[in-house]
Each structure stands twice: as C-alpha cells, then as structure tokens.
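Just below is one structure, and these are the notes that go with it.
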Amino acid sequence: MSGLIGKKLGMTRVFDERGKSVPVTVIQTGPCFVTEVRTKENHGYDALQLGFEEKRDKSVKKPERGLYEKAGVKPMRYLREFRTFDNIASFKPGDVIKADIFQGAATVKVIGVSKGKGFQGVVKRHHFSGGPQTHGQSDRWRAPGSVGSSSYPSRVLKGLRMAGRMGGDRVTVRNLKVIRIDAENNVVMVRGGVPGARNGMVIISR
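Going by this note's numbering, the sequence shown opens with residue 22, and the numbers climb by one from there.
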C-alpha cells in the first residue's frame, strides 16, 4: 500500500468508451518529497514523512528549516506521515514520489476536510423535516420541536441533535474508482466527489 499528499483542483466530467458522461474529481497528487525516513530502530515505528507544495523561505521557522536542509529539499507547505509503504527501507530523504505509484489501482481512499458551514439549524445540519405549516403554526417551520423528556428523566439527554457548528470535519471517502491517471502532470481523476473546497489538501492512498 502507498499514499500521497494532494490538492483538490475541482470537478469536471470525462466520457467513457461508450460515450457516457462520468463525473470526476481532479486531484493533483504530488510530486511529494521524502523529508524524513522513520525507522523502528530510531523512532519505534516505520514511516515516511512526505512534504507537498513549496512555500516561501521567509515563512519557515528556524528549527523547521533545519529539517529541510538535512533532507536537501525546499520548504514544504504540508507535511504528513505515511506508514503504508511496504518498502520503506528503500527510500531516503530527498526522494521524489509521483502519481505513477497509483498505476494499476482500481480504487483509492481519499481523506479531506469538509467545507465549514458555520452555525446552522437542525434542518440543514441534521435534515430535520421541520414542524407542520398549518394548525396555527406560522413560525415553527424549521424549528427542532421538543428536545426534553417527560417526567423522567426530566432533562435534555446528552448527544441530542441540535443546531450548531457544521462542517470543517475530517472526512474519509473509500473505494473511489480511478477513472484516469496523468502521470506526466501528476493528476489522478476519481469518480464522484471528494470532501473539501477547491485547492484544499487531501490525502489519497491505495
């Protein structure tokens, strides 16, 4: 297994061999640079630390700059660890991993952060149907209704679905079908939607 850090470029559509329109999300996957190789002897576990997307040198703190100088790569905007590489010992700091590692993969898993919606009511947040629009109720169409219990336990139970902050959560979408891979431009197209806004960071793995 293996994975990369990527960026959601947006959605479009492609046509299959039968001429049918297929909705796809375009993900720029890499190039990712190996910034550190973690081994069981030194760190207690095996993993690869990958960096994605260069950032300005003036925005890098001094301790962080030492990491990149040691690896021989430019400062990266995103750093993530991957334990899913089988041949971790064959990598070294400074190596470049590109989208061609997904060649032959039928499906992938994508992790992203969903769009933040702010404070939302129960109809949008939890898909409540709202109150009746007749029988004297003119202002309760999108209200949650009763939230308490009867004489027992005479309180609002914890975890009850109510209005509140919506979105901005880590979301994992599994078994997304790989439609097309452009290894030259480090682009992977997967069928369907991917969590997050345009240009948002995602993690894509086999």
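We put the CB at the ideal spot given by N, CA and C, even for glycine.
Quick caveat, the model's predicted, so the values are computed rather than measured.
Closest by CA to residue i, which one among the options?
| i | options | result |
| --- | --- | --- |
| Pro-165 | Tyr-173, His-148, Leu-178, Lys-179 | His-148 |
| Cys-53 | Thr-60, Asp-116, Lys-41, Gly-93 | Asp-116 |
| Gly-137 | Gly-40, Arg-104, Lys-130, Gly-189 | Gly-189 |
| Tyr-99 | Ser-150, Leu-25, Asp-160 | Leu-25 |
| Glu-57 | Lys-179, Gly-139, Glu-85 | Glu-85 |
| Val-143 | Ile-225, Gly-133, Trp-162, Asn-196 | Trp-162 |
| Lys-113 | Arg-101, Val-177, Gly-93, Ile-132 | Gly-93 |
| Val-55 | Arg-77, Pro-216, Val-177, Leu-88 | Leu-88 |
| Tyr-66 | Ala-218, Leu-178, Glu-102 | Glu-102 |
| Val-215 | Lys-91, Gly-133, Asn-63 | Gly-133 |
| Leu-197 | Glu-90, Gln-154, Ile-225 | Ile-225 |
Roughly how many angstroms lie between the CA atoms of residue i and residue j, to the nearest whole one?
| i | j | result |
| --- | --- | --- |
| Arg-186 | Ala-110 | 44 angstroms |
| Val-81 | Leu-181 | 44 angstroms |
| Glu-38 | Arg-227 | 25 angstroms |
| Ser-167 | Met-183 | 11 angstroms |
| Lys-79 | Leu-71 | 21 angstroms |
| Ser-42 | Arg-212 | 11 angstroms |
| Arg-104 | Arg-59 | 9 angstroms |
| Ser-172 | Lys-145 | 30 angstroms |
| Ile-118 | Gly-139 | 37 angstroms |
| Tyr-33 | Val-192 | Before going on, a small fix: residue 33 reads as Thr here, not Tyr. Distance between the alpha carbons of Thr-33 and Val-192 is about 21 angstroms. |
| His-156 | Gly-31 | 46 angstroms |
| Lys-61 | Asn-108 | 13 angstroms |
| Ala-218 | Gly-51 | 18 angstroms |
| Val-45 | Leu-69 | 29 angstroms |
| Val-35 | Ser-23 | 26 angstroms |
| Lys-83 | Ser-135 | 32 angstroms |
| Asp-160 | Lys-179 | 27 angstroms |
| Pro-174 | Asn-63 | 54 angstroms |
| Glu-90 | Gly-40 | 50 angstroms |
| Arg-77 | Ser-150 | 49 angstroms |
Give me, in chain order, the residues of the same chain whose beta-carbon lies closer than 8 angstroms to that of residue i; leave out the 5 immediate sequence neighbours on both sides.
| i | result |
| --- | --- |
| Lys-28 | Ile-48, Gln-49, Phe-73, Glu-74, Asn-220, Gly-221, Met-222, Val-223 |
| Gln-158 | Gly-152 |
| Arg-176 | Gly-169, Ser-170 |
| Met-97 | Phe-54, Thr-56, Gly-72, Phe-73, Glu-74, Glu-75, Lys-76, Tyr-89 |
Apart from the five residues on each side of it in sequence, which residues of its chain come closer than 6 angstroms, Cβ to Cβ, to residue i?
| i | result |
| --- | --- |
| Gln-141 | Met-187 |
| Lys-95 | Glu-75 |
Given residue i, which residues of its chain have a CB within under 7 angstroms of its CB, disregarding the five upstream and five downstream residues?
| i | result |
| --- | --- |
| Val-199 | Phe-123, Ala-126, Ala-127, Thr-128, Val-129, Val-209, Val-211 |
| Arg-195 | Lys-130 |
| Gln-154 | Trp-162 |
Quick one: any contact between the stretch 203 to 219 and the stretch 115 to 123, if contact means 3 or more CB pairs under 8 angstroms?
In this structure the stretch 203 to 219 lies against the stretch 115 to 123, because at least three pairs of beta carbons, one per stretch, are closer than 8 angstroms.
Suppose only complete runs of 4+ residues qualify. What are the alpha helix (DSSP H) ranges in the stretch 143 to 196, listed by chain order?
Within the stretch 143 to 196, the complete alpha helix (DSSP H) runs of at least 4 residues fall at 143 to 147.
In the stretch 62 to 115, which residue ranges form an unbroken alpha helix (DSSP H) of at least 4 residues, counting only runs that do not cross its ends?
Look at the stretch 62 to 115 and you find these whole runs of alpha helix (DSSP H), each 4 residues long or longer: 83 to 92.
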